[in-house]
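Everything below concerns the one structure shown next.
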Amino acid sequence: MKPHSKFGIAGAIIAVVIALSLTSQSGIQQSHPVESSSDTLRIGYFPNINHAQAVIGLGNGDFQKALGDVKIETQVFNAGPSAIEALFANRIDVTYVGPNPTINGYIKSEGQDLRIIAGASSGGAVFIIRNDSGISTTQDFAGKKFASPQLGNTQDVALRAYLLKNGYKTSENGGNVQVIPAKNADIVTMMIKKDIEGAWVPEPWGAKLVKEANGKIFVDERDLWPDGKFVTTLIAVRSDYLQSHPVIIKKFLEAHVDETIWINNNSEDAIKIFNEQNEKLTGKKIPVDELKEAFSRMEITYDPVKSSLYKSADDAYNLGFLGDKKPDLSNIFDLKLLDEVLQEKNLAKIP
Numbered sequence: 011m012k013p014h015s016k017f018g019i020a021g022a023i024i025a026v027v028i029a030l031s032l033t034s035q036s037g038i039q040q041s042h043p044v045e046s047s048s049d050t051l052r053i054g055y056f057p058n059i060n061h062a063q064a065v066i067g068l069g070n071g072d073f074q075k076a077l078g079d080v081k082i083e084t085q086v087f088n089a090g091p092s093a094i095e096a097l098f099a100n101r102i103d104v105t106y107v108g109p110n111p112t113i114n115g116y117i118k119s120e121g122q123d124l125r126i127i128a129g130a131s132s133g134g135a136v137f138i139i140r141n142d143s144g145i146s147t148t149q150d151f152a153g154k155k156f157a158s159p160q161l162g163n164t165q166d167v168a169l170r171a172y173l174l175k176n177g178y179k180t181s182e183n184g185g186n187v188q189v190i191p192a193k194n195a196d197i198v199t200m201m202i203k204k205d206i207e208g209a210w211v212p213e214p215w216g217a218k219l220v221k222e223a224n225g226k227i228f229v230d231e232r233d234l235w236p237d238g239k240f241v242t243t244l245i246a247v248r249s250d251y252l253q254s255h256p257v258i259i260k261k262f263l264e265a266h267v268d269e270t271i272w273i274n275n276n277s278e279d280a281i282k283i284f285n286e287q288n289e290k291l292t293g294k295k296i297p298v299d300e301l302k303e304a305f306s307r308m309e310i311t312y313d314p315v316k317s318s319l320y321k322s323a324d325d326a327y328n329l330g331f332l333g334d335k336k337p338d339l340s341n342i343f344d345l346k347l348l349d350e351v352l353q354e355k356n357l358a359k360i361p
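Sequence positions in the sequence shown follow the working numbering and run 11 to 361.
Below is the structure:
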């Protein structure tokens, strides 16, 4: 088996994310949809470091070896809403995805159509400010402009919750701090041009802002969570596929756990292989020093850090992003098969 490594809130705007899910295109690499069958598993994932198990294990054939005669089809996405849309449209069966789109998909389907069956990463999000921004403490935020990757996404909610906790309202709510949604690559340019004072971003964009945009870490989000753990990527499955193909899903989870363990025990090789496979998906390599720094602030794990997902949903609700009724997420997790896999491997069950 190959690469588990210590490369070591979520909530969302239902209207925005659902709208995005209906319009966004599904990724840089698409496979033609095939009909799901008993010997086929269609897997979605992103070319991101917090999807390292999928990038490495699907790229080098580890997952296919583990699933044997089960045919694996893959689809690569750029955004969570499009992955959840594909899940609901029966174009994929399971996907690596962030907590926000998962929560929204669960709410949209009234808790019926998806379940979280494992985690994939924890940590790996930072609030970067320019060294010349004039910001020394949170008391210096008034009149400043900050960016996040997408309105209502995980980092956007984190930034807005942090501002609110420190006594600031955003401009659209009558406050004096502006939050600008922008693509991660555009955020780098905005920082370099001094159009913004800072940004709350996922890795490796935090490392890139430090190296290329005169940035420094103002908040490592791990410091805001108990034991420094909060979910950034998890695995969601269609409920009907989970019910009809538990053996296949269990084999998939075995491969995921093995890949996680390998990554954590072989970090140097994992970084190298990840970069090679990621280049095949995106056409670009990430500078090794940025990649190492990024992975140092996150953990590749199969633990979905359940408490952090509930807290993140609460934060989003308190910000007014989840409507008038607090969502009931009591059945969003189904970790039975993961616990079976862990028990068979003599690993601790998920609490």
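For each residue, glycine too, the CB sits at the ideal point set by N, CA and C. As the structure is a computational prediction, the values presented were derived from the model and not from experiment.
Check, Outcome
"Does any residue of chain D have a CB that is nearer than 8 Å to the CB of Lys-118?", "The structure shown contains no chain D; it is built from a single protein chain."
"Would you tell me roughly how many angstroms separate the C-alpha atoms of Lys-155 and Val-136, rounded to the nearest one?", "16 Å"
"Beta strand (DSSP E) containing Lys-240: first to last residue?", "A small fix is needed here, since residue 240 is Phe in this sequence, not Lys. Run containing Phe-240: none; DSSP gives neither H nor E here."
"Suppose contacts are defined by Cβ-Cβ distances below 8 Å. Is Gln-85 in contact with Arg-125 by that definition?", "no"
"Tell me whether the beta-carbon of Arg-248 lies closer than 8 Å to the beta-carbon of Leu-345.", "no"
"According to the Cβ coordinates, are Val-211 and Ser-318 closer than 8 Å?", "no"
"Return helix, strand or coil for Phe-137, following the three-state DSSP convention.", "strand"
"Quick check on the DSSP output: the alpha helix (DSSP H) that includes Phe-73 runs from which residue to which?", "72-77"
"If you draw a straight line from the C-alpha of His-14 to the C-alpha of Leu-357, how long is it?", "Note on His-14: pLDDT 43, under 50, position unreliable in the model; no value is reported."
"Leaving aside the five residues before and after Ile-206 along the sequence, list all residues of the same chain whose C-beta is less than 7 Å from its C-beta, in chain order.", "Lys-155, Phe-156, Ala-157, Ile-190 and Met-200"
"If I'm right that Val-167 touches Ala-326 with Cβ under 8 Å, what's the distance once you round it to whole angstroms?", "5 Å"
"Please report the straight-line C-alpha distance between Gln-287 and Glu-83, rounded to a whole angstrom.", "17 Å"
"Report buried or exposed for Lys-118, applying the criterion of at least 16 other Cβ atoms within 10 angstroms of its Cβ.", "buried"
"Note down, one range per segment and in chain order, each alpha helix (DSSP H) of at least 4 residues found wholly within the region 219-287.", "249-254 and 256-275"
"Comparing C-alpha positions only, which one of Ile-145, Asp-150 and Asp-324 sits nearest to Lys-336?", "Asp-324"
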